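Residue numbers (the working numbering), protein chains in the order written: chain A, 76 to 479; chain B, 76 to 479.
In structure tokens:
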């Protein structure tokens, strides 16, 4: 097989969230009667249950009908007025200065920002430290750009006042020549928030060893229980080579517009724009208009959304925890849960397929987040509350049929 | 400089269309008084002069407000209903069977399709044949994926019944180990259409030498003078490894939605989807709804648009041709002209900067389309007709001040 053939053979999407329809139909060992109920797709949030920020569509309509050509064709890095407006809002939110002219870029979703940032920083053979577990695309991106994945462990069951990153291991791999460290905070899929001490130490180590940082803060607005959150970019010791990624696709339910933003070091942002010029030119010009509603939600809207999600988390965590053999860390921020299931007769990918076909419940297998998570699944609980509880009940029932 | 540093140093965007605001401000040799007039940006079409297909926005609004989650989150390759609908329309248009399930993908613009197709096919060191002149991103894409550009000449001034591709050279480079041939038909920037004989010969040679083909047919709906057009995918001898790219960003003025489509060999489309999963997940879900208006324009709308563009072409070609020392091939399809200017006292990039600052006229330097086009500029004449004529007049006036 050619080099590029091998690369694509590794780059699977069949088990990725939202791609379940592409799964090969195996003959599955169904046990017991099907469990009927409203289909729930935990692979991503349900924007029918939690609709986009009010007025975002109005901004898009205005962009198409009134702003016109200027909205359709922006610079590759995004429209200058939108960049300026967002730099003001995000500076306040993240507590750091953002240069809207040179240090910021609008992208097609945060996935777009991740791809561009990785493309800007990862060359052939470069060592990239990746947390396990972390967002499934992180590892695929390193492979696509011919980098070398250097995993760093996170003991997320061992603590609840920090994420649980193995800082000793992190320093070891930094010392061992890691060029870039990419991580999500809050962590996807665990929903753990890094403590101020952890963030401070990561910044310190990155500066000391000359490691570049990409911090994916996609879920940083949806913090539960009034917990604190530390933006690495606001730390005094933040390293020079740093990109922070944010976007309105999750809590704000605006994924359908494919909008993301990255800010940080000018030279990295400049490379990201060069790459965007050949990848997709720009985030859809008309969609960029929807950014106007972000961080300008109606009074109480965001607070209400957080309360509703916290309630669903409480309900699901309670159901999962009370089931013998299931271990789960309550989400501290974001909409993910990453429960560990007891030993089953079937492997996790098979269980996920059975669950989908026999109980209309779609979840993402843990192995998407690191090869060792063969006993875990990820759930996005941004769903209709009643439907979500019923789906978890069906899942637990089905699980009991396959327990070892 | 690191390998990746060198790669990005080559990947310039400052002179790319739409990025003129990023040009370094040099001290320019202005001659004579400024030439006032309405600013015209010939680097891309003006969607205020030629607005998007009627009803496209309504489809988007319906997608957001009524279809909801199903519209926001499609499979990475696009929503299955949209894929099916488009496969029917495009099969009719291109005259070939399209497999909507396995052989088609929706992308963020045709730029997105090009990037994914190139990423799917170009590995380190692979030889890729590129027409000169051709779309400026083609060469950049080869460089980004570490391929080797193998240029093929097109004698576009030497004929008017075919594009003028050097078929002997094409066969030589195919024989010499070229793996992939990428070309646009109609050609961007010349506006030349490949003859049936040329298309047939390209297909034949590709099959014979086992070369993969990417055919960018972005402007294939805007054909002037009732000329014929040959879709390579419809040729009986079309090779197995073939991707055709189309989209509604140009004639249809829908660039602000960032929509493109690629269809062809299943294995290439499958790779493109795998890549899309880490690049930007999908073409913006809500925007995908706008595809419903494509190839379903109101009666007479497309014909009227073609007539209007043909008239502008006639006016500009007449102005340019009557200027001593300027050579131009009349556009056969699409909205581009690629006139060759007489020898000037300043290089083409400098002239383009002076033109922009002194006469409010933005054009793209020929060097974006091949290093040898130091005396040519590209013009997108999808503009307000009166403003376009006035801008060309100013350009010719300014040009006279810098003639050798």
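We put the CB at the ideal spot given by N, CA and C, even for glycine.
The structure presented is a predicted model; accordingly, all values stated were derived computationally and were not measured.
Classify residue i as buried or exposed, calling it buried when 16 or more other Cβ atoms lie within 10 Å of its own Cβ.
i                     : result
residue 439 (chain B) : buried
residue 247 (chain B) : exposed
residue 329 (chain B) : buried
residue 441 (chain A) : buried
residue 127 (chain A) : buried
residue 563 (chain A) : Within the shown structure, residues of chain A are numbered from 76 to 479, placing residue 563 (chain A) beyond reach of any answer.
residue 453 (chain B) : buried
residue 96 (chain A)  : exposed
residue 78 (chain A)  : exposed
residue 94 (chain A)  : buried
residue 470 (chain A) : buried
residue 213 (chain A) : buried
residue 260 (chain B) : buried
Check the Cβ-Cβ distances between residue i and every residue of chain A, and say whether any is below 9 Å.
i                     : result
residue 150 (chain B) : yes
residue 468 (chain B) : no
residue 291 (chain B) : no
residue 348 (chain B) : yes
residue 127 (chain B) : yes
residue 333 (chain B) : yes
Checking 9 Å against the spacing of the C-beta atoms, do residue i and residue j come in under that value?
i                     : j                     : result
residue 358 (chain A) : residue 321 (chain A) : no
residue 445 (chain B) : residue 263 (chain B) : no
residue 443 (chain A) : residue 211 (chain A) : yes
residue 92 (chain A)  : residue 455 (chain A) : yes
residue 343 (chain A) : residue 462 (chain A) : no
residue 478 (chain B) : residue 360 (chain B) : no
residue 151 (chain B) : residue 352 (chain B) : yes
residue 254 (chain B) : residue 209 (chain B) : no
residue 293 (chain A) : residue 340 (chain A) : no
residue 464 (chain B) : residue 390 (chain B) : yes
residue 287 (chain A) : residue 317 (chain A) : yes
residue 349 (chain A) : residue 90 (chain A)  : no
residue 165 (chain B) : residue 181 (chain B) : no
residue 218 (chain B) : residue 447 (chain B) : no
residue 187 (chain A) : residue 355 (chain B) : yes
residue 369 (chain B) : residue 327 (chain B) : yes
residue 290 (chain A) : residue 144 (chain B) : no
residue 362 (chain B) : residue 362 (chain A) : yes
Comparing the C-beta of residue i with each C-beta of chain B, is any distance below 9 Å?
i                     : result
residue 175 (chain A) : no
residue 134 (chain A) : no
residue 79 (chain A)  : yes
residue 82 (chain A)  : yes
residue 383 (chain A) : no
residue 215 (chain A) : yes
residue 281 (chain A) : no
residue 101 (chain A) : no
residue 443 (chain A) : no
residue 88 (chain A)  : yes
residue 182 (chain A) : yes
residue 239 (chain A) : no
residue 344 (chain A) : no
With distance defined between alpha-carbon atoms, name the residue in the options nearest to residue i.
i                     : options                       : result
residue 297 (chain B) : B:379, B:235 and B:224        : B:379
residue 18 (chain B)  : B:84, B:405, B:314 and B:300  : Here chain B comprises residues numbered 76 to 479, so residue 18 (chain B) is not present and cannot be evaluated.
residue 475 (chain B) : B:395, B:457 and B:459        : B:395
residue 304 (chain A) : A:169, A:240, A:405 and A:281 : A:169
residue 230 (chain B) : B:245, B:220 and B:331        : B:245
residue 204 (chain A) : A:258, A:178, A:184 and A:81  : A:258
residue 392 (chain B) : B:413, B:366, B:312 and B:373 : B:413
residue 197 (chain B) : B:432, B:362, B:346 and B:417 : B:346
residue 385 (chain A) : A:405, A:146, A:271 and A:372 : A:405
residue 450 (chain B) : B:460, B:420, B:432 and B:186 : B:420
residue 242 (chain A) : A:279, A:265 and A:252        : A:279
Across which residues does DSSP place residue i in a beta bridge pair?
i                     : result
residue 335 (chain B) : B:182
residue 439 (chain A) : A:453
residue 419 (chain B) : B:478
residue 202 (chain A) : A:223
residue 291 (chain A) : A:259 and A:320
residue 228 (chain A) : A:207
residue 408 (chain A) : A:298
residue 240 (chain B) : B:229
Using a beta-carbon distance below 9 Å, is residue i in contact with chain C?
i                     : result
residue 315 (chain B) : Among the chains of the structure shown, chain C does not appear; the protein chains present are A and B.
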